[in-house]
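Data first, discussion second: the structure below is written as structure tokens.
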Amino acid sequence: MAFSTHKLSASIGVEIRRLDIARPLDAATVSNLRRAWQYDGAGVMLLRDQRLDRDQQRAFCALFGTIGGRAGALPTRRPRAFEGPDYNSEDMLVSNIRVDGRPIGVLPDGELWFHHDMCYAAAPNRASFLYALEVPNVGGDTMFCNMYAAYENLPQRLKAAIEGRRVLQAFDEIQDRRLDLHAIPVEDVKHAWQPMVLLHPETRRRALYVNRLMSHRIEGLSEADSDALLEELYDYTEAPGIRYTHQWRPGDLLMWDNLCSIHARTDFPAGERRLMRRVTIAGEPVVAAWNA
Ligand SMILES: [Fe+2]
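Just so we're aligned, residue 786 is where the sequence shown starts under my numbering, counting upward by one.
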């Protein structure tokens, strides 16, 4: 099946046009899509104007790997299980829609800082496939940055400072600031020590594996030195030159590889509905660039 590809920005993202992914795809098409996703898009790929029910979204996702599980949340944070024609409680919904005062999805409101999905797990999900059902009229954009380029753009001094080091990744559903690990023991939240630079299993390229929301502490450095170095790195991970900002339309399917990209969400008005359905691909333990 023929399709066309269009760059979404200079550094990251590719759009596939003239392809209906609700229908079965042949092996050659899947292989071409995978190449476009991993190489042309550097891990971020968009398909617009799709009409996908939950089973069609899962079937498309499964062409790229084994469907992944959810990280799980504390019972008090779990959204209300909500059944509807487009979704049920097995799917992860990202939504601010509330029924009886409780959100039907996770990460409901407003801004969300840059992060790699599930970097706080020993074997993070490899990729996320987000499908837009309802979007606000303004805001709620998703921004992506290219982590191959972030690493390559580091001055030699910073590359040397992080070579061979690990970073503590932790998360507890707070969206727009880092957890305060002075106030809450790290054992009480989802966390993992990860290499600061990973080797991507498919492209065999190095990618920077730190982000503003979830990276807390560099191993072997004082807290002050760790904080200062991480702040310096965030200027590279979030540089405008390696960024694509996506303005959603209903029917958009956006898929991203969590090993070579970070993403963030811009704020949006509380009164507007936003409903996205997410399916993931499972991943392996992250491989350090220096262990390859
Ligand atoms: Fe995310």
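A virtual CB, placed ideally from N, CA and C, is assigned to each residue, including glycine.
- In this structure, H1031 has its CB at a distance of at least 7 Å from all heavy atoms of ligand 1.
- Looking at the DSSP output, Q954 bridges to A977 and S1000.
- Sorting Y933, T851, A907 and H967 by C-alpha distance to the C-alpha of R990 places Y933 at the top.
- Remark: three or more beta-carbon pairs, one from each stretch, lie closer than 8 Å, so the stretch 1055–1068 and the stretch 902–919 are flagged as touching.
- Excluding five sequence positions before and after W978, the CB atoms of its chain that fall closer than 8 Å to its own CB belong to R951, V952, L953, Q954 and E1004, given in chain order.
- DSSP places M932 in the helix class (H, G or I) of the three-state scheme.
- Within the same chain, P921, G924 and G925 come within 6 Å of F1053 by CB-CB distance, once the 5 residues on both sides are set aside.
- Annotation for R819: the continuous alpha helix (DSSP H) segment containing it runs A812 to R820.
- Under the 8 Å Cβ criterion, the stretch 789–802 does not count as touching the stretch 889–905, having fewer than three qualifying pairs.
- Taking a contact as a CB-CB distance under 8 Å, the pair V799 and D825 counts as one, their CB atoms being some 4 Å apart.
- Per DSSP, the beta bridge partners of I852 are I1066.
- Exclusion of D1052 from the 7 Å shell around ligand 1 follows from its C-beta lying no nearer than that to any non-hydrogen atom of the ligand.
- If you look at F899, you'll find it isn't in any alpha helix (DSSP H); it sits in the beta strand (DSSP E) that goes L897 to H900.
- Taking every protein chain shown into account, the CB of G1068 has 16 or more other CB atoms within 10 angstroms, so this residue is buried.
- In terms of CA proximity to I1047, A827 leads the group T814, A827, A807 and N817.
- When C-alpha distances from N1076 are compared across A992, H976, R833 and G949, the shortest belongs to G949.
- Taking the Cα positions, V815 is about 7 Å away from L848.
- Between ligand 1 and D894, a heavy atom-to-CB distance of less than 7 Å is absent.
- One alpha carbon belongs to A807, the other to N910, and they sit about 23 Å apart.
- Of the heavy atoms belonging to ligand 1, none sits nearer than 7 Å to the Cβ of D961.
- Taking C-alpha positions only, A946 is separated from V884 by approximately 49 Å.
- In this chain, A968 is not harboured by any alpha helix (DSSP H), its DSSP state being neither H nor E.
- Secondary structure of S1011 (DSSP, three-state): helix.
- H1048 has its Cβ nearer than 7 Å to a heavy atom of ligand 1.
- Annotated as proximal: N931 and I797, with beta-carbon spacing under 8 Å.
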